[in-house]
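Q:
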Amino acid sequence: MNGKIKAALLAGVLAVGSVATASADEIKLGASAPLTGPRALLGKYFKEGVDMAVEEINANGGVLGKKLSIAYEDDQADNPNAAITSMSKLMEVAKVPIVLGPHFSVAQLATMKNYCNGSLISITGASGVPVTDQGCNYVIRIRGNDNLQAKAVVAYALDHLKVSKIGIISINDDFGKGGAERVVAALKEKGLSPVANETHNAGDADFSAQLSSLQKAGAELVVMWTHDNESALIVRQTRQFGLPFKFAGSTSLSQPVFIELAGPTAEGVVSATDFLPANPDPNVKAFVEKFHKKYGEMPELYAATYYDGAILAAKAINDAGTTDAVKVREAFAKMDTQGVLGHYKCEANGDCNHQTNIVEIKNGQPSLLTVVKF
Amino acid sequence: MKISMRNRKIILAAILVAFLLPPFLGVNGYALQVLDMAFIYAIAALGVTIATGITGMVVLGQAAFMGLGAYTSGLIMTGTSLPWWLALPIAIVVTGLIGAGLGLISTRIKEHYLAITTLGLNEIFRLIVLNESWLTGGPFGLRDIPTLQIPVMGGGLAQQHYIPLFVLTVLVYALALRIYKTSFGRQMRAIRDDDLAAESMGVNSRAVRVMAFALCSIFGALAGGVFVLTFGFISPNNFLVFESIKMLLMVVVGGLGSIGGTFLGALVVVGLPEVLREFQTYYLAIFGITVVIILLTVPRGLGIIADWLLAPWLPGEEGNALAQAKAEDMSNAATIEEEDERATAVAVRLRSEREQAVVNAPKATGDVLLKVENVSKSFGGIRALKDVRFDIRRGEILGLIGPNGSGKSTMINACSGIVRVTAGKILLDGKVISHLPAWDVHAAGVSRIFQNVRVWNSMTVLENVMVCHAATRDTHVITGAIGTAKARADEDMAREDALKALDLMGIRHLANRRASDLSFGQSRLVELARSIVNKPKLLLLDEPGAGLRGGLIMELAEILKQLRNQGMTILVVEHRVKLVVSMCDRIVVLNLGDKIAEGSAQSVARDPVVVDAYLGGKVERKRRLKAIETTT
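Protein chains in written order, with numbering that gives the first Met the number 0: chain A, 0 to 373; chain B, 0 to 631.
(1) Name the chain A residues that come within less than 9 Å of B:Thr168, Cβ to Cβ?
(2) Quick one: grab the DSSP three-state call for B:Gly318.
(3) For A:Lys326 and chain B, any beta-carbon pair shorter than 8 Å?
(4) Output yes or no for whether 8 Å exceeds the beta carbon distance between A:Asp227 and A:Phe274.
(5) Kindly indicate if chain A contains any beta-carbon less than 8 Å away from that of B:Gln32.
(6) What does A:Glu72 touch in chain B if you count any residue whose Cβ is under 8 Å from its own?
(7) Which first and last residues belong to the beta strand (DSSP E) in which A:Pro365 is found?
(8) With 16 other CB atoms within 10 Å as the buried threshold, where does A:Thr131 fall?
(9) Hey, is A:Thr35's beta-carbon within less than 8 Å of any beta-carbon in chain B?
(10) Quick one: grab the DSSP three-state call for A:Met223.
(11) Nearest CA to the CA of B:Ile233: which residue from B:Thr77, B:Cys414 and B:Asn451?
(12) Answer with yes or no whether the minimum CB distance from A:Ser104 to chain B is below 8 Å.
(13) Along the chain, which unbroken stretches of the alpha helix (DSSP H) at least 4 residues long are found entirely within the segment 475-531 of chain B?
(14) Note down, in chain order, each residue of its chain lying with its Cβ closer than 7 Å to the Cβ of A:Gln214, except the 5 sequence neighbours on either side.
(15) Please confirm if the segment 241-255 of chain B is in contact with the segment 52-64 of chain A, defined as three or more CB-CB distances below 8 Å between the two stretches.
(16) Would you say A:Pro101 lies against chain B (beta-carbon separation less than 8 Å)?
(17) For the segment 228-239 of chain B, which residues have a beta carbon sitting closer than 7 Å to at least one beta carbon of chain A?
(18) Could you work out which residues of chain A lie near B:Leu644, taking near to mean beta carbons separated by less than 7 Å?
(19) What is the rounded straight-line gap between the Cα of B:Thr51 and the Cα of B:Asp473?
(20) Would you call the segment 439-452 of chain B in contact with the segment 539-558 of chain B, where contact means no fewer than 3 C-beta pairs closer than 8 Å?
(21) Could one say the Cβ of B:Thr280 lies closer than 8 Å to chain A's Cβ atoms, at least one of them?
(22) Rounded to the nearest angstrom, what separates A:Ala82 and A:Tyr71 at their Cα positions?
(23) Do you know whose CA, among A:Ala185, A:Asn113, A:Phe174 and A:Val162, lies nearest B:Phe139's CA?
(24) On the three-state DSSP scale, how would you describe B:Asp339?
(25) Taking A:Gln133 as the query, report the chain B residues whose CB atoms sit under 7 Å from its CB, ordered along the chain.
(26) From the DSSP output, in three-state form, read off A:Lys112 for me.
(27) Along the segment 95-129 of chain B, what residues have a CB closer than 9 Å to any CB found in chain A?
(28) Determine the extent of the beta strand (DSSP E) in which B:Asn236 is found, giving its start and end residues.
(29) Is B:Ala12 close to chain A, meaning its C-beta is less than 8 Å from at least one C-beta of that chain?
(30) Using the three-state DSSP reduction, which class does B:Arg5 fall into: helix, strand or coil?
(31) Let me check understanding here. Comparing Cα to Cα, which of A:Ala156, A:Thr250 and A:Pro129 lies closest to A:Asn348?
(32) Please state if the CB of B:Ile178 and the CB of B:Gly479 are separated by a distance shorter than 8 Å.
(33) The beta strand (DSSP E) that contains B:Gly546, what's its start and end?
(34) Measure the alpha-carbon distance for B:Ala37 versus B:Gly270 and round it to whole angstroms.
(35) For A:Val98 and B:Gln148, what's the separation of their Cα atoms in angstroms?
(36) The beta strand (DSSP E) that contains B:Lys697, what's its start and end?
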């Protein structure tokens, strides 16, 4: 009896192995996305972006004359074990040449040892710096890495805001710590160091101590690397105390939550972001319109990133004239094209996007100041 | 459907061979990788089974041990470029030591407090790994660990590792099965079933808990190290509290405490979600519902299947030595009447034996065996014992009586080391024992039974008695698992003595029964058998006759006399006056924590203070009330 159960279980595992593989008249790509778990909402945007791209591609004649379809597998966002099996299934069972995702850096890094043997290409928006320095030839990154935003904010502050005394305030977690470190590094490149480097804990409500030491240090601009709620409180308290700092910082400062909570005090706050729905760029405008028409909501970063990912994948296969991963990777190396997030041109390590947007809050709306390119 | 042990071995062998086949049948790398993962988790979850399922300490932090093993071996390989076969053992030893340290904590923090503590430790582990990025690589993990290449097996890493991982898993499970059956295994189970009884029967619960924790962490570390060699990448996210809970789930789905069930549990918890992946966003919900259904309908189902298959290696199937006893048990229909008849027969036999041997029975010598010196015990504001002093002379049966709440049980608990005295001391053969832990008191020669029967329900009757045997008392995990000549000899001696003790109680035929299947009277006899298997100097009996019927009472009285004739000294707390008077040489009377009388049965029965304590006060007060009424 036990034998039967085990056999059934084994048969189940094997059966999953034997289904699928693309039929002759379609080309199947994979997607490894957070379909379940606490970040399932991001997976939903991911899927909406990709589905819209696939619809467009198929309406325009498909890939190599065949219909394009996507096999989705769940990687539970930042769960390395789930990502390993999800990628393994796409690689061994569906045998796809390209996978969109995994998006989370830790999931990318966990799966690289497996997929980097040339059997498939992963197109990702993972922004962790190590993603493209692992010597893996088959990762294509279509967003700037974490360093880029910090560099862009610092460069804009120095060149356009003409400040030289810069202070930092960050939240005491991996997001804030990493961000603050990168800002310090970016300042160092310009031969500067922060006049003060303050931290706070998640959920703090009173920032008077940090603000007063920033004031004592004579900061003209404060770079913030913290979450939406805390950012709003910091800006509000600064204005209540009548302190003169300007603010710049992470993507949090262009998010609706921040703008709503900070109210009028949000005006003039500068931040770096990879995707701005209000960007007047025609590509972005067209994408936002299409997305809003199809889904009745505004797109966000995930939808835009993996919309671009799917479009690029189709283009690369068409350019290569085959689905062979090695040839498709060569096509990526020659690619030079405009997408929603920016202009794509791939370096040898797989980094294809070298720009980010600098945004300022004007009249309660984030508006584009400039695009910083590296 | 009765399938012999031999056939079960054949079935198991066939299943094991079937597990070796997939790589040769061209099964895809994904399925193999899932099974690889299941094997690794099966090893880690086995640690949880040992600590939680077998020893009864809920561990919710196994992922931290796994992570500790993984990071230690990973860092050794990347940092010092030592080969994996050095890194892995070092990691296991380091983690095992840390686990033993935590085991020491576990002797102070128990049950759900321990569960929460291990949960907290898991989180602390994550935070340290996350923040100390100079060492651990931080949130992006350790990335450049060399994976173990085994080109002989061909194919990708999943194919290469499949058979080595499976063989390793089988070996680890065989080791666990072996440990389960040794004296150490019995001690772990005794602590789970009833730690108080285990301690007072000589089980050093502190040592056993520490060892069990160490074993748990060692299995975790082994799994973690193997994980690193297979996947070459680890990050804090691999070892979250969620993973610990998953491992506990494997143990629970596998029928808490079943070794084979844990393997099946790991297959289900790792494999089932993968099989259900087709359901996309709903697959984990379906998995959750399936688990709930398994737990509702067949709560120990996987465990029962696995234990049936592994029965040849589990206790309770000792083979030919007990086949005869077993056959007797089968023919013995255990109705109450027959039970009674049997007990009466044993009593008659024992009495006639005693009468024949009465000539050379040792007489009570009169020198003091146990000295209770001015002992007091307070529970908060209540003083259960006040300045009590009395002696127990070698070779006598001393009765300890008194109304309810007079401190009799507290006295017995103090003598057996279960409660610490507040003041005064207790000496055995001139040595102070009142400060020793219960197991050392037992080792010094004091044994006891409890007022409410406390046998270890999940174990066989034979095992119940063997737990207490002095030869297998020390926790020798390694020699026991290897099965050295000495360990085997000790085991045989313990078995033989246990069977003798059961024989004396007239219940040898029950040796292979599970203790939970016994009647109350039988359990009482098992308890008595295990308390005398070491031939203690002093036997403490807390109401041994409570809840017994006529025949069994007779048997009990005869057994006690027999033990006394063998030179054992007995302290007995008993309510039945007839039993006390017929049995005891002397009697000590307690009332409200004070000793109020001491002497022969007759003199105590006539003592006015004793009469007053039992009956007198109330009668007198009534009379006075009446007097008041008549005057008004």
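Don't be surprised by glycine CBs; every beta carbon is placed ideally from N, CA and C.
A: Considering the structure as presented:
(1) What you label residue 168 of chain B is simply residue 169 of the second sequence in a count that begins at 1. Identification of chain A residues near B:Thr168 by a Cβ-Cβ cut-off of 9 Å yields none; the smallest Cβ-Cβ distance measures about 14 Å.
(2) Working through the second sequence from its first residue, we reach residue 318 of chain B at position 319. Note on B:Gly318: pLDDT 45, under 50, position unreliable in the model; no value is reported.
(3) What you label residue 326 of chain A is simply residue 327 of the first sequence in a count that begins at 1. Output row for A:Lys326: interface = no.
(4) Stepping through the first sequence from its first residue, residue 227 of chain A is reached at position 228. Stepping through the first sequence from its first residue, residue 274 of chain A is reached at position 275. For A:Asp227 and A:Phe274, no; Cβs fall outside 8 Å.
(5) The count along the second sequence starts at 1 and reaches residue 32 of chain B at position 33. So, interface residue.
(6) Counting from one through the first sequence, the residue named residue 72 of chain A turns up at place 73. In chain order: Arg276.
(7) Here residue 365 of chain A is taken as the residue at index 366 of the first sequence, counted from 1. A:Pro365: member of the beta strand (DSSP E) spanning Gln364 to Lys372, first to last residue.
(8) The count along the first sequence starts at 1 and reaches residue 131 of chain A at position 132. By the neighbour-count rule (16 or more Cβ atoms within 10 Å), A:Thr131 is buried.
(9) The residue you call residue 35 of chain A lines up with position 36 of the first sequence. Chain B, which has a Cβ nearer than 8 Å to the Cβ of A:Thr35, makes this yes.
(10) Here residue 223 of chain A is taken as the residue at index 224 of the first sequence, counted from 1. Strand.
(11) The count along the second sequence starts at 1 and reaches residue 233 of chain B at position 234. Selected option, being the one with the closest Cα: B:Thr77.
(12) Taking the first residue of the first sequence as 1, we reach residue 104 of chain A at position 105. It does: the Cβ of A:Ser104 has a partner Cβ on chain B nearer than 8 Å.
(13) 476-481, 484-504 and 519-531
(14) Looking up residue 214 of chain A in the first sequence gives position 215. Hits under 7 Å: Leu242.
(15) no
(16) Within the first sequence, numbered from 1, the residue matching residue 101 of chain A stands at position 102. At least 8 Å separates the CB of A:Pro101 from every CB of chain B.
(17) Phe230, Gly231, Phe232, Ser234, Asn236 and Asn237
(18) Residue numbering for chain B in the displayed model covers 0 to 631; residue 644 of chain B lies beyond these limits and cannot be assessed.
(19) Residue numbering aside, residue 51 of chain B sits at position 52 when the second sequence is read from its first letter. Residue numbering aside, residue 473 of chain B sits at position 474 when the second sequence is read from its first letter. Answer to the nearest angstrom: the Cα atoms are 22 Å apart.
(20) yes
(21) If you number the second sequence from 1, residue 280 of chain B lands on position 281. For B:Thr280, the answer is yes, since a Cβ of chain A falls inside 8 Å of its Cβ.
(22) Here residue 82 of chain A is taken as the residue at index 83 of the first sequence, counted from 1. Here residue 71 of chain A is taken as the residue at index 72 of the first sequence, counted from 1. Within the model, the alpha-carbon separation for A:Ala82 versus A:Tyr71 is close to 12 Å.
(23) Here residue 139 of chain B corresponds to residue number 140 of the second sequence, with the count starting at 1. Among A:Ala185, A:Asn113, A:Phe174 and A:Val162, the Cα nearest to that of B:Phe139 belongs to A:Phe174.
(24) As a first step, residue 339 of chain B is located in the second sequence; it is residue number 340 there, counting from the start. If DSSP states are grouped into helix, strand and coil, B:Asp339 belongs with the helices.
(25) Reading the first sequence from its first residue, position 134 is the one you call residue 133 of chain A. Simply Arg142.
(26) Working through the first sequence from its first residue, we reach residue 112 of chain A at position 113. DSSP, read as helix, strand or coil, puts A:Lys112 in helix.
(27) Leu129
(28) Along the second sequence, read from residue 1 onward, the residue named residue 236 of chain B stands at position 237. Where B:Asn236 is concerned, there is no enclosing beta strand (DSSP E), given that its DSSP letter is neither H nor E.
(29) In the second sequence, counting from the first residue as 1, residue 12 of chain B sits at position 13. Chain A contact via Cβ: absent.
(30) Locating residue 5 of chain B in the second sequence gives position 6, counting from the first residue. If DSSP states are grouped into helix, strand and coil, B:Arg5 belongs with the helices.
(31) For the purposes of this step, residue 348 of chain A is identified with residue 349 of the first sequence, where counting begins at 1. Considering only alpha carbons, the answer is A:Pro129.
(32) The residue you call residue 479 of chain B lines up with position 480 of the second sequence. The residue you call residue 178 of chain B lines up with position 179 of the second sequence. Cβ atoms of B:Gly479 and B:Ile178: closer than 8 Å.
(33) As a working mapping, residue 546 of chain B is identified with position 547 in the second sequence. Unbroken run through B:Gly546: none, as it is neither H nor E.
(34) Residue numbering aside, residue 37 of chain B sits at position 38 when the second sequence is read from its first letter. Residue numbering aside, residue 270 of chain B sits at position 271 when the second sequence is read from its first letter. Using only the alpha carbons, I get a separation of about 7 Å.
(35) Working through the first sequence from its first residue, we reach residue 98 of chain A at position 99. Working through the second sequence from its first residue, we reach residue 148 of chain B at position 149. Those two C-alpha atoms are separated by around 26 Å.
(36) Missing from the structure shown is residue 697 of chain B; chain B here goes from 0 to 631 and no further.
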